[in-house]
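S.K.:
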Amino acid sequence: FGSSHKGSADLRLNSAMSHRKFERPRHGSLGFAPRKRTKHRFGKIKSFPKDDASKAPHFTAFMSYKAGMSHIVRDVDRPGSKLHKKEVAESVSIVETPPMVVVGFVGYVETPRGLRALTSVWAGHLSEEVKRRFYKTWHKSKKKAFTKYQKRWEEASKEGKAMTAEIERAKKYCQVIRAICHTQVGKAKLGQKKAHIKEIQVNGGTTAAKVDFLTGLFEQEVKVADVFAQDEMIDIIGVTKGKGFNGVITRWGCTRLVRKSHRGLRKVGCIGSWHPAKVQWQVPRSGQMGYFHRTEINKKIYRVGKALKDEPNNAMTENDLTEKSITPMGGFSHYGEVNEDWIMLKGSIMGCKRRLITLRKSLLPQMSRRATEKVELKFIDTASKMGHGRFQTCEEKAKFYGGATAKKARKAAEEKSVEAES
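By the working numbering, the letter at position 81 of the sequence shown is numbered 81, and the numbering carries on one by one without gaps.
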């Protein structure tokens, strides 16, 4: 009797230890099941921030394209931390954000079963980019989308204000208003002509104020600086990089079996008991890995950059006065140059290059020290991302090597000045 007592005491003592005899946390979260390729390949905003009528009407999300990564150097401003007033190098992601165009809105009414779309109003003119999204093969189509709507719009605007009845209906009955926006994909140089369309909720003010805010923006551009600001914490929504079919060791992080095990070792040792006489869904199995829909919260904005035409040296800082733009030497690999507005986010983000990434305002009030910290960048790296880049700009490289390289740099500078004059 005494010995069994002693054994239970040992068990209690050892339960704090992370030894496999007493504890084995499962491998891989079941919260993401089923792990299969997503249907929403452009990301789906599943929830928007809570509406606050006391604020002015504003957008709650923005669409962008992943360009690549770089690194920055900054001083940490976090009193009490060991890193306070110390210099740190951090990895950052650059996403290109060409201005979006507002082409309509949808009004929703709240019902006991959730939201129901009551009415939608479109703008009088849609660009070819957005019309291409309504067809599978544009060149074979008759290109008739929205021609009748456009005609109705023109006739109504001669008599007075177009679509007045639908606009008034939305103002009277709707509780939620969402803008129909599309990207200007031609500006992002993706080699694609079809625009990406999304419904983006407008928060703030009364329903009537929201509708007036949107109708005033029909066929107008919305810049990323109108939606997000530096030092803001945001959420990102997108699709991870696809990895194809993978086994249990890679897909679930299980431990390999011993070297001498029969019929392979990159396996699960036991896939279940005799009864229930089926493999349960919690057991790790091989299958699709990657190309999953994910929402990542709390990404800090380090900089909201302007387009090249508005600010040619948009990667300069107070400490680093080298005249350079955010595009690294030789361009971002598998992407190219960033000529439009861009946003710099701390850390990595999901998906491959050129993938659509949706930026959304945070759902939670951001009060932590890290969230409220003011970021002052000292240096932004623009060395080549193809290898071990040594130079930040072509001029720096030319200065180091001289000769033909210097001539090439001079020629490039002359061409740049001619373009600026014209």
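Each residue gets a CB set at the ideal place from its N, CA and C atoms; glycine is no exception. Quick caveat, the model's predicted, so the values are computed rather than measured.
With a cut-off of 8 Å, do at least 3 Cβ pairs link the segment 302-317 to the segment 348-362?
M.R.: no
S.K.: With distances taken from CA atoms, which of HIS139, ILE297 and GLU415 is nearest LEU364?
M.R.: Locating residue 364 in the sequence shown gives position 364, counting from the first residue. Among HIS139, ILE297 and GLU415, the Cα nearest to that of LEU364 belongs to ILE297.
S.K.: Under 8 Å by Cβ, that's how I've got CYS174 and LYS198 pegged, so tell me the actual separation to the nearest angstrom.
M.R.: Here residue 174 corresponds to residue number 174 of the sequence shown, with the count starting at 1. Here residue 198 corresponds to residue number 198 of the sequence shown, with the count starting at 1. Their Cβ separation, rounded to whole angstroms, is 19 Å, which puts CYS174 and LYS198 out of contact at 8 Å.
S.K.: What does DSSP give as the partner residues of THR295 in its beta bridges?
M.R.: Along the sequence shown, one-based indexing puts residue 295 at 295. According to DSSP, THR295 bridges with ILE237.
S.K.: Going by beta-carbon coordinates alone, are LYS193 and VAL202 separated by less than 8 Å?
M.R.: Position 193 of the sequence shown, counted from the first residue, corresponds to residue 193. Position 202 of the sequence shown, counted from the first residue, corresponds to residue 202. Their beta carbons are not under 8 Å apart, which means LYS193 does not touch VAL202 by this criterion.
S.K.: Over the uninterrupted alpha helix (DSSP H) stretch that includes THR147, give me the two end residues.
M.R.: In the sequence shown, residue 147 corresponds to position 147, counting from 1. Segment 147-159, the alpha helix (DSSP H) holding THR147.
S.K.: Grouping DSSP H, G and I as helix and E and B as strand, with all else coil, what is ALA423?
M.R.: Look at the range of the chain in this structure, 1 to 422, and you will see that residue 423 is not part of it.
S.K.: Span of the alpha helix (DSSP H) holding ALA89?
M.R.: Indexing the sequence shown from 1 puts residue 89 at position 89. Run containing ALA89: none in the alpha helix (DSSP H); it sits in the beta strand (DSSP E), 87-96.
S.K.: Which residue's Cα is closest to the Cα of GLN282: GLU23, PHE22, GLU128 and PHE32?
M.R.: Within the sequence shown, the letter at position 282 stands for residue 282. Ranking the options by Cα distance to GLN282, first place goes to PHE32.
S.K.: Give me the Cα-Cα distance between VAL300 and LYS161, rounded to the nearest whole angstrom.
M.R.: Sequence index remark: in the sequence shown, residue 300 carries index 300 (1-based). Sequence index remark: in the sequence shown, residue 161 carries index 161 (1-based). Reading off the sequence shown, one finds Lys at residue 300, where the question assumed Val. The straight-line gap from Cα to Cα measures roughly 42 Å.
S.K.: Is the separation between the beta-carbon of VAL224 and that of ILE343 shorter than 8 Å?
M.R.: Walking along the sequence shown from the start, residue 224 turns up at place 224. Walking along the sequence shown from the start, residue 343 turns up at place 343. Closer than 8 Å, so yes.
S.K.: Taking buried to mean at least 16 other C-beta atoms within 10 Å of its own C-beta, is LYS21 buried or exposed?
M.R.: Stepping through the sequence shown from its first residue, residue 21 is reached at position 21. Exposed is the call here.
S.K.: Give me, in chain order, the residues of the same chain whose beta-carbon lies closer than 6 Å to that of PRO57; leave out the 5 immediate sequence neighbours on both sides.
M.R.: The residue you call residue 57 lines up with position 57 of the sequence shown. Contacts found: VAL202, GLY204, GLY205, ALA209, LYS210 and PHE213.
S.K.: Tell me whether the beta-carbon of ARG116 lies closer than 8 Å to the beta-carbon of VAL109.
M.R.: Reading the sequence shown from its first residue, position 116 is the one you call residue 116. Reading the sequence shown from its first residue, position 109 is the one you call residue 109. In this structure, VAL109 lies closer than 8 Å to ARG116 by Cβ.
S.K.: Does the structure place the segment 239-251 close enough to the segment 274-292 that three or more beta carbon pairs sit under 8 Å?
M.R.: With the cut-off at 8 Å, the segment 274-292 and the segment 239-251 touch.
S.K.: Taking VAL176 as the reference, give the member of THR372, SER47 and VAL239 with the closest Cα.
M.R.: Along the sequence shown, one-based indexing puts residue 176 at 176. The option with the nearest alpha carbon to VAL176 is SER47.
S.K.: DSSP on SER127, reduced to helix/strand/coil?
M.R.: Here residue 127 refers to the residue found at position 127 of the sequence shown. SER127: coil per DSSP, three-state reduction.
S.K.: So LYS324 and ASN313 are supposed to be a Cβ contact under 8 Å. How far apart are they, rounded?
M.R.: For the purposes of this step, residue 324 is taken as the residue at position 324 of the sequence shown. For the purposes of this step, residue 313 is taken as the residue at position 313 of the sequence shown. Contact holds; Cβ gap of about 6 Å.
S.K.: Could you pull out every unbroken alpha helix (DSSP H) segment of at least 4 residues lying fully inside the segment 36-63, listed in chain order?
M.R.: none
S.K.: Any idea if LEU126 is buried or exposed, counting beta-carbon neighbours within 10 angstroms, 16 or more meaning buried?
M.R.: In the sequence shown, counting from the first residue as 1, residue 126 sits at position 126. Burial call: buried.
S.K.: The beta strand (DSSP E) that contains LYS198, what's its start and end?
M.R.: The residue given as residue 198 occupies position 198 in the sequence shown. It spans 197-203 - the beta strand (DSSP E) in which LYS198 sits, taken as one unbroken run.
S.K.: Could you spell out the range, first to last residue, of the alpha helix (DSSP H) harbouring TYR108?
M.R.: As a working mapping, residue 108 is identified with position 108 in the sequence shown. Here TYR108 belongs to no alpha helix (DSSP H); instead the beta strand (DSSP E) covers 100-111.
S.K.: Can you give the Cα-Cα distance for GLY216 and TRP122, rounded to whole angstroms?
M.R.: Taking the first residue of the sequence shown as 1, we reach residue 216 at position 216. Taking the first residue of the sequence shown as 1, we reach residue 122 at position 122. If I take the Cα positions, the gap works out to 12 Å.
S.K.: For GLY68, which beta-bridge partners are listed by DSSP?
M.R.: Working through the sequence shown from its first residue, we reach residue 68 at position 68. Per DSSP, ILE94.
S.K.: Examine the Cβ distances between the segment 34-51 and the segment 327-341 and report whether three or more of them are shorter than 8 Å.
M.R.: Judged by Cβ distances under 8 Å, the segment 34-51 makes no contact with the segment 327-341, as fewer than three pairs qualify.
S.K.: Over what stretch of residues does the alpha helix (DSSP H) that includes ILE167 continue unbroken?
M.R.: Stepping through the sequence shown from its first residue, residue 167 is reached at position 167. Unbroken alpha helix (DSSP H) run through ILE167: 164-173.
S.K.: Using CA atoms only, rank isn't needed, just tell me which of SER81, GLU219, PHE59 and PRO25 is closest to LEU359.
M.R.: Translated into positions along the sequence shown, residue 359 becomes position 359. That would be PHE59, whose Cα lies nearest to the Cα of LEU359.
S.K.: If distances are taken between C-alpha atoms only, which option among LYS158, LYS85, PHE332 and ARG132 comes closest to ARG146?
M.R.: Here residue 146 corresponds to residue number 146 of the sequence shown, with the count starting at 1. Note that residue 146 corresponds to Phe in the displayed sequence, not to Arg. Comparing Cα-Cα distances from PHE146 to each of LYS158, LYS85, PHE332 and ARG132, the minimum goes to ARG132.
S.K.: Strictly by DSSP, which residues pair up with LYS361?
M.R.: In the sequence shown, the residue the question calls residue 361 occupies position 361. Answer is ILE234.
S.K.: Name the two residues that bound the continuous alpha helix (DSSP H) containing VAL211.
M.R.: For the purposes of this step, residue 211 is identified with residue 211 of the sequence shown, where counting begins at 1. Counting along the chain, the alpha helix (DSSP H) containing VAL211 begins and ends at 207-215.
S.K.: Using alpha carbons as the reference points, say which of GLY269, VAL248, LYS36 and VAL73 lies closest to GLU318.
M.R.: Residue mapping note: residue 318 aligns to position 318 of the sequence shown, counting from 1. Of the candidates GLY269, VAL248, LYS36 and VAL73, the one whose C-alpha sits nearest the C-alpha of GLU318 is VAL73.
S.K.: By Cβ distance below 6 Å, which residues in the same chain neighbour GLY331 in space, the five residues on each side in sequence not counted?
M.R.: Working through the sequence shown from its first residue, we reach residue 331 at position 331. Result list for GLY331: GLU337, in chain order.
S.K.: Starting from VAL117, follow its DSSP beta bridges and name the residues at the other end.
M.R.: Looking up residue 117 in the sequence shown gives position 117. According to the sequence as given, residue 117 is Ala; it is not Val. Note: ALA117 sits in a beta bridge opposite TYR108.
S.K.: Going by Cα to Cα distance, which pick from PHE228, GLN280, HIS262 and LEU30 is closest to TYR302?
M.R.: Here residue 302 is taken as the residue at index 302 of the sequence shown, counted from 1. When each option's Cα is compared against that of TYR302, the closest is PHE228.
S.K.: What number of angstroms, rounded off, separates the C-alpha of CYS394 from the C-alpha of MET329?
M.R.: Position 394 of the sequence shown holds residue 394. Position 329 of the sequence shown holds residue 329. Whole-angstrom Cα-Cα distance: 7 Å.
S.K.: Identify whether VAL304 lies in helix, strand or coil by the three-state DSSP scheme.
M.R.: Taking the sequence shown and counting its residues from 1, one reaches residue 304 at position 304. Strand at VAL304.
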